[in-house]
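Q:
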Amino acid sequence: MKALAVVLAIVGAFLVQTLGGRYFWPIRNYLDLFSLVAATFGLIQGRQAGMFAGAAAGLVQDAFSGGLLGLNGASKTAVGYLAGIAGHRLVVRGWAGRFVFFAVATAADLAILAAIGQVLERPTVVGGPADLLYLCAANGFTGALVLNLVDRFTVTR
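Residue 323, in our numbering, is where the sequence shown stops; the numbers in between run on with no holes.
Shown next as structure tokens:
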């Protein structure tokens with residue numbers, strides 16, 4: 167069941183990111199839905215699910231972005247793992263807490279991508295400092311919105 171949820175989330179992220187980004191440029195430039203998939207599964211279901219979701223989402227992103235295969239896979243795997251640790255240790259509730267969680271997860275993803283790029287001598291350039299802030303803010307808002315929707319439609323007993 168978890169694997170099906172991961173596959174559906176990745177397909178949804180792919181469709182919104184590619185099709186929505188084609189017709190609406192802010193989605194292309196200021197959202198990284200694949201990192202949200204990794205962070206959400208890590209937060210909700212733990213480290214292993216976060217790592218699995220992150221690896222799969224990152225590899226799909228790499229396959230269709232034309233970049234180096236495995237770069238996003240490695241960064242999203244780490245983000246999913248770290249989100250799983252944070253989800254186990256922290257109580258992330260409310261809009262503000264979730265916004266900060268997803269903004270920090272996005273910043274961690276960008277930092278990991280930059281570090282891997284430096285090691286491989288293939289620096290990854292996302293944009294200027296304002297672009298990074300917009301990306302973190304947009305991912306923070308979108309992640310908080312998605313997690314609130316998941317909470318609303320998930321039945322817990």
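Even for Gly, the Cβ is constructed at its ideal location relative to N, Cα and C.
Taking only three categories from DSSP, how would you classify F190?
A: Correct three-state label for F190: coil.
Q: Go through its chain and collect everything with a Cβ distance to S201's Cβ below 7 Å, but skip five positions before and after it.
A: Same-chain partners within the cutoff: K242, V245, A271, T272, D275, N305.
Q: Between the Cα of A219 and the Cα atoms of V258, F319, V203, which residue gives the shortest distance?
A: Per the Cα distances, V203.
Q: Please specify which runs of the alpha helix (DSSP H), each continuous and at least 4 residues long, are wholly inside the region 199-251, giving them in chain order.
A: Those alpha helix (DSSP H) runs which fall completely within the region 199-251 and span 4+ residues are 199-211, 213-231.
Q: Note down the Cα distance separating L286 from R318, rounded to an integer number of angstroms.
A: In a straight line, the C-alpha of L286 is about 43 Å away from that of R318.
Q: For F267 and L209, which I take to be in contact (beta-carbon distance under 8 Å), what is that distance rounded to the nearest angstrom?
A: F267 to L209, Cβ: 7 Å. Contact.
Q: Between the beta-carbon of G239 and the beta-carbon of D228, is there less than 8 Å?
A: A contact, by the Cβ cut-off of 8 Å.
Q: Return yes when the Cβ of V182 is within less than 8 Å of the Cβ of L199, no when it is not.
A: Going by C-beta atoms, L199 is nearer than 8 Å to V182.
Q: As a quick exercise: from L313, Y300, T320, pick the residue whose alpha carbon is nearest that of R194.
A: The shortest Cα separation from R194 among L313, Y300, T320 belongs to Y300.
Q: CB T184 to CB G309, shorter than 8 Å?
A: The answer is no: Cβ separation not under 8 Å.
Q: Along the chain, where does the alpha helix (DSSP H) that runs through G284 open and close?
A: Inspection of the sequence shows that residue 284 is occupied by Gln rather than by Gly. Note, Q284: alpha helix (DSSP H), 260-285.
Q: Looking at C-alpha atoms only, which residue of V257, A221, G233, N314 is the closest neighbour of R288?
A: R288 has its Cα closest to that of G233, out of V257, A221, G233, N314.
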